[in-house]
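Residue numbers (the working numbering): 4 to 459.
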Amino acid sequence: MKIAFFLRSSGYFRLAEFGIIELLNIDGVEVDIVFFGVDYHNDRLFSQTFREYLIELVDMKPNLNIVILSAKWASDFVRLEVIIGRKHSRKSENLEFFSHPELSKYIIPRGRAQTTSVFSKLKDMFKRLIVFSTHRQHSKYHLEKEKQLSEFFSARSYGAVLVSPVVNEVRAEIIGKAAKLASISSFGIISSWDNLTIKGKLRDDFNYYLVWGQGQKEEAITYHGIQPQKILVTGPYPFVYLMQSTESLKRDNRLNQFIWLTSSKFIVGNIEDEWELIEEFTTYCLRIGRVDLIKSLLIRLHPQTPRGSQGFFDWANGRRSNFIQNLARNQIICEFIESPSNRRSYLDQLVNSRCAIALATSAAVESHVTGLPVIAPPGSLSLRAFEGFKHGSLLDINNNGPVHRSQNWADVINFIDNPHQSISSESFQEFFGLDMDITSSSLNFARDIIKHATCW
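Right, dumping it as structure tokens:
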């Protein structure tokens, strides 16, 4: 049986990699990884190292194929997503995008905060006019793409079509509808812990949806109206690679020198906030004479940070502080893990870190499942944003959640000097499926795909 696995970028490949490997290990299964949101020649995340890794993987797995849709095909979809999707993700007053009133209260607009200037209002009005005037044209365009994709699916004789991500993603909607048009089982994959709350609407365009645990299943039903029988609980397979890879690694106290600082542009709302957080931390350390903490800071940029480490370097070199400039020149910058050698280095750094300063992101959960103590920076927007949702309340230290809160940077420094793992509540682990045998969750993933595929 042939399976098409649609991924928007190489970052989503990392999340799905072990699930893909399990599918490839099943006799009679052939997998096409289809990248639908990248420019093969210009995409920063689609680096030469990552291409070489894919080539190695194809050499090892003869039942694996790599498909990259043309740049024009991808750019057309990006344009459509900007024009059609922006009205949903930018403006919180467009509540019709969300199917549940509780969800709409917690929308965090992406990008810079909207201003109230006359120019901005006119610009927003012009955007709305574009959306209204081109709606019919885009609907026709969607139908054409759906037909083209369904023909592609039929020609390849797929038994299943998988897509990640699926939340607030116009292209995923078209892929799901094309699979239905071709009478092929389609699976929408929830790729992050907060996708079903503050990221946007989950369209009901797939036969099945794969979630990590019962908590996400409840969110899909409550906030998005997905029928329970369409939701498959596979376990948190994105964390499988961490659990399997770190089981044999032991913390070396001689190397226990790093402070793991992670962030997410989607939660902060403005990517510069991620860098400003680093500046706040280093400025405070300088003020209290703790240069040692700055030197041991391990920065992990979000995989989709615009321009990646180069963007961080440019920002840091423009600051007045010599320490910030030196940070950019000398610090370890951890980006997307795109090769076995890079991954081993990443795991060594993770295991030998003292603690993680993390916003409430998948990175915080990632740190938690590998036994790394986690504290949120002071005034964390992400923790406030999650209040009202079950997984947000589970982060609270008063509820014995895995992430400590901090009132100020002094709390963070004290935590770095005396890191301690908070008690992991059973409810937190159950919510995300972390109470399952995490090393077998990718097998659940592959098993459910095969079980519900169109043909086998």
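A virtual CB, placed ideally from N, CA and C, is assigned to each residue, including glycine.
Quick caveat, the model's predicted, so the values are computed rather than measured.
Alpha carbon to alpha carbon, how far is Ile453 from Pro381? 45 Å
Check the DSSP bridge columns for Lys5 and list the partner residues they point to. Glu33 and Tyr161
Thr225 versus Val294: straight-line alpha-carbon distance, rounded: 48 Å
Distance, Cα to Cα, Lys180 vs Ile192? 15 Å
Is His423 helix, strand or coil by DSSP? coil
Cutoff 6 Å; reference Arg206; Cβ partners in own chain excluding five residues on either side: Glu176
Counting only the same chain and skipping the five closest in sequence on each side, list residues whose C-beta sits under 6 Å from that of Leu72. Phe39
Pull up the distance between the alpha-carbon of Asn66 and that of Ala7, whole angstroms please. 12 Å
Less than 6 Å between C-beta atoms, sequence neighbours within five positions excluded: which residues of the same chain meet that for Asn198? Val170
Determine, using beta carbons only, whether Val406 and Val377 come nearer to each other than 9 Å. yes
For my contact list, Val34 and Val70 are in at a C-beta cut-off of 8 Å; report their separation, rounded to the angstrom. Going by Cβ atoms, the distance from Val34 to Val70 rounds to 10 Å, so no, they are not a contact pair.
Roughly how far, in whole angstroms, is the beta-carbon of Val236 from the beta-carbon of Lys220, given that I think they are within contact range, below 8 Å? 6 Å
In the structure shown, what three-state DSSP assignment does Arg17 receive? helix
Using the beta-carbon count (16 or more within 10 Å), is Leu185 buried or exposed? Correcting the residue type first, residue 185 is Ala in the shown sequence and not Leu. By the neighbour-count rule (16 or more Cβ atoms within 10 Å), Ala185 is buried.
For Ile262, does the count of other Cβ atoms within 10 angstroms reach 16, so buried, or fall short, so exposed? buried
Of the listed residues Arg11, Ala413 and Ala182, nearest to Ile291 (C-alpha basis): Ala413
Lys202 classed as buried or exposed, judged by whether at least 16 other C-beta atoms fall within 10 angstroms: buried
Write down the C-beta distance between Ser167 and Ala19 rounded to the nearest angstrom, noting that I regard them as a contact closer than 8 Å. 6 Å
List in chain order: all unbroken alpha helix (DSSP H) runs of 4+ residues lying wholly within the stretch 171–235. 173–184 and 217–227
Rounded separation between Lys183 and His455 - CA only: 14 Å
Assigned secondary structure, Leu300 (DSSP; H/G/I helix, E/B strand, else coil): strand
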